[in-house]
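Q:
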Amino acid sequence: MLSDLADLLPGIAERESLNPEAYPERSVQLLYEAGIPISPLARPLGGESASCRQSTMAIEAIASVSPSLALITAMPHGLAGCMSLEGDGGGSEWRLSWRREIERIAADYRAGKVYAACNSEKGAGGSLAATKTIAIRDSHGTFALSGEKILASSGRYASTFFSTAKVSPDELPGAGIVEFFFVESDAFGVQIMDDWNGFGMRSSESQSVRFAGAPVTAMMGFPNYIEAVQPTQYWYCLFAAIPLGCAWSILKALGSPAPTSPVLRLRLSEALMKYESLRAYLLETADAFRANAGPAYAARVLRTKTYVTQEATKLCAELFALSGGRHYSRSSPVARALADAFAGTALRPPLALGLDTLVEQFSLDG
């Protein structure tokens, strides 16, 4: 995967420079054709059993040339990582249906259909418990979603959304706080808005989406899947890689060729050490990822995601301050990388929520 991706990066960078505010449709298509989003799945499904560490490295590499494309790719790539997990829970009937669903989704990936996250909500602050979207089961046993989401990556370019919703235990025994559901983007009751005007991540098409009795094609996993498998930590590692990739892209822009000023060389050397430290911390955390890793690892991932996101974004700002007036324009790749580092990734989950959770859960025991 990483070698195939390396071959694609120059073309991705060129297309990004030519039209940085347009959805990178051709680059998305080439990533799917190269098998990048599907790579965490097993070879019989079209993947190569890529690890969370390898996936994190891939998203960082993409972010170094196109942060919006990295955010777009992180959604289906992380979903494939979640689908590669077994975890505990779910009866044999649920497991059998989930395996069939994985095969169906893998076939969609191989066909180049874009899967996108549609989870965030206004006022929820990134908290799953504050989710207002609901899933209601009809007389035929089919769920339908109603609610409003924001920051749905890929917008109208998505084929399928995976979306969180609350379910009554009466309709789904054993249901968790929320469950993930799959909804076709062109289904009845799905309205994709045209309201995206982000400060950064301009080309990610992260539109708002309204569900009004939108029929569900399937539920992810089994009841209480998020709690039993802890799949969201996979995405947290990928999200943290995006501002890190932004920092690397700015560092390369300022340090190649090496500046003649000894003071500037020193500052860039310090920045390089900080980048390498953040990257090592993130990759070490990603390397330890596994299904149902438990509360200690969940806390570790949250610390890693929060710290790497926060410090990588700070590093981007510090480097931008060193760059001088030649990069002070909207068309500058350095300025765009700075804006992209601030946007999107720090909101998944919000930095404030991450810090609050760290305070609440702080312990040095174990």
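Here the sequence shown is numbered in numbering that gives the first Met the number 0, starting from 0 and rising by one per residue. The C-beta atom is built at its ideal place from N, Cα and C for all residues, glycine as well. All of these numbers come straight from a predicted model, not from anything done at the bench.
Look at the Cβ atom of residue 243, then the Cβ atom of residue 205, and state whether they are nearer than 9 Å.
A: No.
Q: Considering only the beta carbon of each residue, do residue 162 and residue 180 sit closer than 9 Å?
A: Contact flag set, yes.
Q: Grab the span of the beta strand (DSSP E) containing residue 163 for me, first residue to last.
A: Where residue 163 is concerned, the enclosing beta strand (DSSP E) stretches over 159-166.
Q: Let me know if residue 304 comes out buried or exposed under the rule of 16 or more other beta-carbons within 10 Å of its beta-carbon.
A: So residue 304 ends up on the buried side.
Q: Alpha carbon to alpha carbon, how far is residue 101 from residue 320?
A: One C-alpha to the other measures close to 47 Å.
Q: Exposed or buried, what is residue 11 when buried is set at 16 or more other beta-carbons lying within 10 Å of its beta-carbon?
A: Residue 11 is buried by the Cβ-count criterion.
Q: Cβ atoms of residue 289 and residue 84: under 9 Å apart, would you say?
A: Cβ atoms of residue 84 and residue 289: closer than 9 Å.
Q: Measure the C-alpha to C-alpha separation of residue 135 and residue 273 and round it to an integer number of angstroms.
A: One C-alpha to the other measures close to 48 Å.
Q: Rounded to whole angstroms, what's the CA-CA distance from residue 257 to residue 145? Just pull it up for me.
A: Going by the C-alpha atoms only, they are around 55 Å apart.
Q: Specify the secondary structure class of residue 334 as computed by DSSP and reduced to three states.
A: Reduced to three states, the DSSP call for residue 334 is helix.
Q: Along the chain, where does the beta strand (DSSP E) containing residue 206 start, and where does it finish?
A: Counting along the chain, the beta strand (DSSP E) containing residue 206 begins and ends at 206-214.
Q: If I measure Cβ to Cβ from residue 1 and keep anything under 7 Å in the same chain, skipping five residues before and after, which residues do I get?
A: The answer, listed in chain order, is 53, 56, 57.
Q: Among 224, 195, 363, 59, which one has its Cα closest to the Cα of residue 8?
A: Ranking 224, 195, 363, 59 by Cα distance to residue 8 puts 59 first.
Q: Output yes or no for whether 9 Å exceeds the beta carbon distance between residue 98 and residue 37.
A: Contact flag unset, no.
Q: Could you tell me the alpha carbon to alpha carbon distance between residue 35 and residue 137, rounded to whole angstroms?
A: Spanning the two alpha carbons is a distance of roughly 37 Å.
Q: What's the call for residue 261, buried or exposed, on a 16-neighbour Cβ count within 10 Å?
A: Residue 261 comes out exposed.
Q: Helix, strand or coil for residue 179? Go by DSSP, reduced to three states.
A: Reduced to three states, the DSSP call for residue 179 is strand.
Q: Taking the straight line between their C-alpha atoms, what separation do you get for residue 362 and residue 298?
A: Whole-angstrom Cα-Cα distance: 10 Å.
Q: For residue 168, which residues from the same chain have a beta carbon less than 6 Å from its beta carbon, with the 5 sequence-adjacent residues on both sides left out?
A: Cβ within range, chain order: 174.
Q: Between residue 277 and residue 237, is the Cβ-Cβ spacing less than 9 Å?
A: Cβ atoms of residue 277 and residue 237: not closer than 9 Å.
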